[in-house]
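K.L.:
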Amino acid sequence: MKLGIVSTTALIAAISATSVSAETLRLLTWGGYAPDDVIAMFEEETGHTVEVTTSNNEEMIAKLRATNGGGFDLAQPSQDRITSAQEEFGIYKPIDMDRVEAAQFIPSMLDATASNTTFDGEVFGLPHVWGTSGLVVNTAEAGDVVDYTDLCSDAYAGKVSYRLKRPTLIGFGFAMGLDPFAAYGDEAAYQDILAQVEETLTACKANVKTYWDGGDEIQNLLRSGEVVASMAWDTGGWQLNADNADITFVAPASGALGWIDTFVLPARGRADDAAYDWINFVMRPDVAAMITNTAGNFTASVGGDEGVDANLKARYQASFDQAAIDNIKWYPPVPAGLEMLEGATLDRINAAN
Amino acid sequence: MRNGTPPKPVVFRRVNSMVSDKSKLGFYLLLSPLILWLVTLIILPHIGLFAVSMSEKVGVREYETGFGNYAVFFNEPLYWRTFARTAFMSILTTALTLVLGFPIAYYIAKLTRGRTKTTLFLMCLIPFWVSELVRTYGWMILLRETGVLSNFLLYIGAIDSPIEFLYNDAAILVGLVYTSILFMIVPLVTTLDSLDDSLIEAGYDLGGTGTSILREIVIPHAMPGIVSGCIVVFMLSLGNYLTPILLGGKDSLWFTGLIYTQFITRFNWELGSAFGFLLLGLSSAVVFIGLKLSRQSLSNTMGR
Numbered sequence: 487m488k489l490g491i492v493s494t495t496a497l498i499a500a501i502s503a504t505s506v507s508a509e510t511l512r513l514l515t516w517g518g519y520a521p522d523d524v525i526a527m528f529e530e531e532t533g534h535t536v537e538v539t540t541s542n543n544e545e546m547i548a549k550l551r552a553t554n555g556g557g558f559d560l561a562q563p564s565q566d567r568i569t570s571a572q573e574e575f576g577i578y579k580p581i582d583m584d585r586v587e588a589a590q591f592i593p594s595m596l597d598a599t600a601s602n603t604t605f606d607g608e609v610f611g612l613p614h615v616w617g618t619s620g621l622v623v624n625t626a627e628a629g630d631v632v633d634y635t636d637l638c639s640d641a642y643a644g645k646v647s648y649r650l651k652r653p654t655l656i657g658f659g660f661a662m663g664l665d666p667f668a669a670y671g672d673e674a675a676y677q678d679i680l681a682q683v684e685e686t687l688t689a690c691k692a693n694v695k696t697y698w699d700g701g702d703e704i705q706n707l708l709r710s711g712e713v714v715a716s717m718a719w720d721t722g723g724w725q726l727n728a729d730n731a732d733i734t735f736v737a738p739a740s741g742a743l744g745w746i747d748t749f750v751l752p753a754r755g756r757a758d759d760a761a762y763d764w765i766n767f768v769m770r771p772d773v774a775a776m777i778t779n780t781a782g783n784f785t786a787s788v789g790g791d792e793g794v795d796a797n798l799k800a801r802y803q804a805s806f807d808q809a810a811i812d813n814i815k816w817y818p819p820v821p822a823g824l825e826m827l828e829g830a831t832l833d834r835i836n837a838a839n
Numbered sequence: 019m020r021n022g023t024p025p026k027p028v029v030f031r032r033v034n035s036m037v038s039d040k041s042k043l044g045f046y047l048l049l050s051p052l053i054l055w056l057v058t059l060i061i062l063p064h065i066g067l068f069a070v071s072m073s074e075k076v077g078v079r080e081y082e083t084g085f086g087n088y089a090v091f092f093n094e095p096l097y098w099r100t101f102a103r104t105a106f107m108s109i110l111t112t113a114l115t116l117v118l119g120f121p122i123a124y125y126i127a128k129l130t131r132g133r134t135k136t137t138l139f140l141m142c143l144i145p146f147w148v149s150e151l152v153r154t155y156g157w158m159i160l161l162r163e164t165g166v167l168s169n170f171l172l173y174i175g176a177i178d179s180p181i182e183f184l185y186n187d188a189a190i191l192v193g194l195v196y197t198s199i200l201f202m203i204v205p206l207v208t209t210l211d212s213l214d215d216s217l218i219e220a221g222y223d224l225g226g227t228g229t230s231i232l233r234e235i236v237i238p239h240a241m242p243g244i245v246s247g248c249i250v251v252f253m254l255s256l257g258n259y260l261t262p263i264l265l266g267g268k269d270s271l272w273f274t275g276l277i278y279t280q281f282i283t284r285f286n287w288e289l290g291s292a293f294g295f296l297l298l299g300l301s302s303a304v305v306f307i308g309l310k311l312s313r314q315s316l317s318n319t320m321g322r
């Protein structure tokens, strides 16, 4: 009997001891950023368990807003959407740099993300995966599409597609010789740019087969040949390239739009230890390469591109020469309230006939 | 007691009230799941939604109370036009579903017996064993430019080049009718089943024609079923999100899509909530008008 009590106590002590160090990490991320093999490795190494919810920028913010920053322990929104969300809704908590192995991050990206995600003097984001959006083109049928505005050419009427979202407004702005990012701080100037883009996109509407919503949808449209040119993400183009050598990602003449997805800590996250463990784990070069191989995008990890599949590297290099890389337009932080203007513009384009 | 009456009746009354207390307790216990459901899942969220819809955003983390969000709906043509479009398309869907569903229901209820009847009824049910998303993707495979229908027409030589059937309003209607036809057939079969065959025979004996019997006997008897089926189908179509978004094209706006956009991509919960409330109010109004026009009451149609 006594032995029983002792062993039970020991068991309880053991359980509570493991439960102190092992936590459940509720990760809110994009599809492909937390592959199963990476999760299995992480769980084995640290004893934490990982629950993944895949989402996109807008839904991440909406989900965290609904719970005032609860329900998840680590989220991965793009760096340009962090400060405005923090200012409006206060859904994140600052990063404790002492707990991050900063040497694993490419210094320029770490610094750029830090300065873009600083709010009230505190840093909220760490860089993870970066990529671009530009043109995915079937070069055999639409080889002369080199910029967003070429999508509106009569030659491809009914055979092009893009999203009706803010990147489209910005991409067309650049292709029309304007600079939307420079006008971020000036509402009147930005509205002026939006008005010009609206005119172009309204005129272009007849050309569009459908506005795509999800990555699978645009891949299906391109693969079946129903669409020959589109504005889409680089990874989508490279994935299609593996099946059909004619289709690939083309960095637009006016510059691909560059995004960096980050790590942020939701304000009411409960498993910060696990979250920092995850960050330090996935930034290791070997793990970062595994993520690049599934997500298709490169990471901010030092040496993370070494273990990457040679085919993916070749596709990346075919789409981006040094000039195209230098020409990438990186999204600056979106000021709060700008989305309202864009929303009204998108509504009017949607309603136009 | 005060005026000297014996205390006996008081005792009796107490016993009586104890019995009724007990039955009342049972009544409330049985009622509580319903009340809990209504209050926590319907009334409280709507109060919250209404409170949100009444706050206007004036700046970062600054809100004012007012009807501004509702004013936006009426002042911006896109919004109320989209609502009118959604309501019109839903009514069209309801009418089409009725026209298609009535003969099917009549056949199942009146012209078949026993095993055939069960089999036919089951066949109407089978598509609903898979999720709405899968059913909608099925339609996308059939209707797209490189899809089954277009390829078939090419194969038999009816057309020369592939045709896009997807991404237009007709595709939405097809999807919606397919999604909701079961909810029309079930109430119709139930009401038609209860119609005594001898009434139809008597109609023929008295010299009635097929159409006059349909008009004078069958439809009046089936009216409660028709109306309840129509209400359910109309509400399902109006509140549908998946089908219109996936099958519709660049001009095919749907009101629920607008609500999603306001909540998720615009971060504008205030306007989204106002839209939600307007959808509730206006759809109730359409149902009310429909009931008045068909001279039915809600208790008569839904209470059966």
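Protein sequences appear in the order of chains A and B.
Per the numbering used here, residue 487 is the first one in the first sequence, and the count goes up by one each step.
Per the numbering used here, residue 19 is the first one in the second sequence, and the count goes up by one each step.
We put the CB at the ideal spot given by N, CA and C, even for glycine.
(1) Using a Cβ cut-off of 7 Å, pull out every chain B residue sitting near Y697 (chain A), in sequence order please.
(2) Are the beta-carbon atoms belonging to L265 (chain B) and T154 (chain B) less than 8 Å from one another?
(3) Run through chain B and tell me which residues come within less than 8 Å of A548 (chain A), C-beta to C-beta.
(4) Give me, in chain order, the residues of the same chain whose beta-carbon lies closer than 7 Å to that of I203 (chain B); leave out the 5 immediate sequence neighbours on both sides.
(5) Give the straight-line distance between the Cα atoms of Q562 (chain A) and F749 (chain A), rounded to the nearest whole angstrom.
(6) I want to see whether chain B comes within less than 8 Å of L489 (chain A), judged by CB atoms only; does it?
(7) Taking only the alpha-carbon atoms, compute the straight-line gap between G663 (chain A) and L707 (chain A) and give it to the nearest angstrom.
(8) Report the residue from B:L298, B:G156, B:A240 whose alpha carbon sits nearest the alpha carbon of N318 (chain B).
(9) Along the region 130–156 of chain B, what residues have a CB closer than 8 Å to any CB found in chain A?
(10) Between T229 (chain B) and chain A, is the shortest Cβ-Cβ distance under 8 Å, so that the two count as touching?
(11) Tell me the DSSP bridge mates of K815 (chain A)?
(12) Taking 8 Å as the CB-CB limit, is N445 (chain A) close to chain B?
(13) Which ranges does the alpha helix (DSSP H) cover as unbroken runs of at least 4 residues, wholly within the region 648–672 of chain A, from first to last along the chain?
(14) Count the C-beta pairs between the region 641–649 of chain A and the region 709–718 of chain A that are closer than 8 Å, then say yes if the count reaches three, no if not.
(15) Which residue wins for smallest C-alpha separation from F658 (chain A), given the options A:R551, A:Y642, A:G620?
(16) Would you call F30 (chain B) buried or exposed, if buried means 16 or more other Cβ atoms sit within 10 Å of its Cβ?
(17) For the pair the region 108–116 of chain B and the region 244–252 of chain B, tell me if three or more CB-CB distances fall below 8 Å.
(18) Does K691 (chain A) get closer than 8 Å to chain B when you measure Cβ to Cβ?
(19) Which residues of chain A have a Cβ atom closer than 8 Å to the Cβ of R103 (chain B), listed in chain order?
(20) Measure the CB-CB distance between F285 (chain B) and F91 (chain B) and report whether it falls below 8 Å.
(21) Within 8 Å (strictly less), CB to CB, does E573 (chain A) reach chain B?
(22) Would you check if the distance between the CB atom of H534 (chain A) and the CB atom of L511 (chain A) is smaller than 8 Å?
(23) Looking at chain B, which residues of the region 810–834 of chain A have a Cβ within less than 8 Å of any of its Cβ atoms?
(24) Which class does F528 (chain A) belong to by DSSP, given the choice of helix, strand or coil?
(25) Which of the residues in the region 704–736 of chain A, read from start to end, lie with their CB under 8 Å from any CB of chain B?
(26) If you draw a straight line from the alpha carbon of P205 (chain B) to that of S212 (chain B), how long is it in whole angstroms?
(27) Buried or exposed for Y222 (chain B), going by 16 or more other Cβ atoms inside 10 Å?
(28) Can you tell which of B:S291, B:L316, B:I174 has the C-alpha that lies nearest to the C-alpha of S325 (chain B)?
(29) When Cβ atoms are compared, which residues of the region 178–194 of chain B fall closer than 7 Å to chain A?
(30) So with Cβ pairs under 8 Å, would you call V70 (chain B) a contact of chain A?
(31) In whole angstroms, what is the alpha-carbon distance linking I765 (chain A) and G744 (chain A)?
(32) Just to make sure I have the definition right: I need the residues of chain B whose C-beta is within less than 8 Å of the C-beta of V694 (chain A). Which are they?
(33) Once you ignore the five residues that flank E587 (chain A) on each side, which residues in its own chain have a CB closer than 6 Å to its CB?
(34) Does the CB of R162 (chain B) have a neighbour CB from chain A at under 8 Å?
(35) Anything in the region 607–626 of chain A with a Cβ closer than 7 Å to a Cβ of chain B? List those residues in chain order, please.
(36) Looking at chain A, which residues of the region 70–94 of chain B have a Cβ within less than 7 Å of any of its Cβ atoms?
P.N.:
According to the data block:
(1) Close to Y697 (chain A), with beta-carbon spacing below 7 Å, are these residues of chain B in chain order: K268.
(2) T154 (chain B) is positioned such that its CB atom lies closer than 8 Å to that of L265 (chain B).
(3) Chain B residues near A548 (chain A): F281, I282, F285.
(4) Excluding residues within five positions, the ones whose Cβ falls inside 7 Å are G119, I122, A123, C142.
(5) Roughly 5 Å separates the two Cα atoms.
(6) Because L489 (chain A) sits at a pLDDT of 49, beneath the cut-off of 50, its placement in the model cannot be relied upon, and the following sentence gives the value as read from the coordinates. So, not an interface residue.
(7) Each residue's Cα considered, the two are about 29 Å apart.
(8) Distances from the alpha-carbon of N318 (chain B) to those of B:L298, B:G156, B:A240 put B:A240 closest.
(9) Those residues of the region 130–156 of chain B that come within reach of chain A (Cβ to Cβ, closer than 8 Å) do not exist; the list is empty.
(10) Not one chain A Cβ lies under 8 Å of T229 (chain B).
(11) Bridge partners of K815 (chain A): A:L743.
(12) Coverage of chain A is limited to positions 487 through 839, which leaves residue 445 (chain A) absent and any answer about it impossible.
(13) Positions of the alpha helix (DSSP H) runs, each at least 4 residues long and wholly inside the region 648–672 of chain A, are given as 652–661 in order along the chain.
(14) Because the criterion of three Cβ pairs below 8 Å is met, the region 641–649 of chain A and the region 709–718 of chain A touch.
(15) Measuring from the Cα of F658 (chain A), the nearest candidate turns out to be A:G620.
(16) Here F30 (chain B) scores only 48 on pLDDT, less than 50, and its place in the model is too uncertain to base an answer on.
(17) Segment contact: the region 108–116 of chain B against the region 244–252 of chain B, three or more CB-CB distances shorter than 8 Å; contact assigned.
(18) At least one chain B Cβ lies under 8 Å of K691 (chain A).
(19) Within 8 Å Cβ-Cβ: nothing; R103 (chain B) doesn't reach chain A, min ~11 Å.
(20) No, these two residues do not count as a Cβ contact at 8 Å.
(21) Under the Cβ criterion of 8 Å, E573 (chain A) is counted among the residues facing chain B.
(22) Against a cut-off of 8 Å, the Cβ pair of L511 (chain A) and H534 (chain A) comes out as a contact.
(23) Answer set for the region 810–834 of chain A: A822, G823, E825, M826, G829, D833, R834.
(24) Under the three-state reduction of DSSP, F528 (chain A) is assigned to helix.
(25) Going along the region 704–736 of chain A in chain order, one finds S710, G711, E712 with a Cβ nearer than 8 Å to chain B.
(26) Cα to Cα, P205 (chain B) sits roughly 11 Å from S212 (chain B).
(27) By the 10 Å Cβ count, Y222 (chain B) comes out exposed.
(28) Coverage of chain B is limited to positions 19 through 322, which leaves residue 325 (chain B) absent and any answer about it impossible.
(29) Flagged, chain order: Y185.
(30) Chain A, which has no Cβ nearer than 8 Å to the Cβ of V70 (chain B), makes this no.
(31) In a straight line, the C-alpha of I765 (chain A) is about 22 Å away from that of G744 (chain A).
(32) Within chain B, the residues near V694 (chain A) are K268.
(33) Around E587 (chain A): N766.
(34) Yes, because at least one Cβ of chain A sits closer than 8 Å to the Cβ of R162 (chain B).
(35) Against chain B - using a Cβ distance shorter than 7 Å - the region 607–626 of chain A contributes no residues.
(36) Going along the region 70–94 of chain B in chain order, one finds V78, R79 with a Cβ nearer than 7 Å to chain A.
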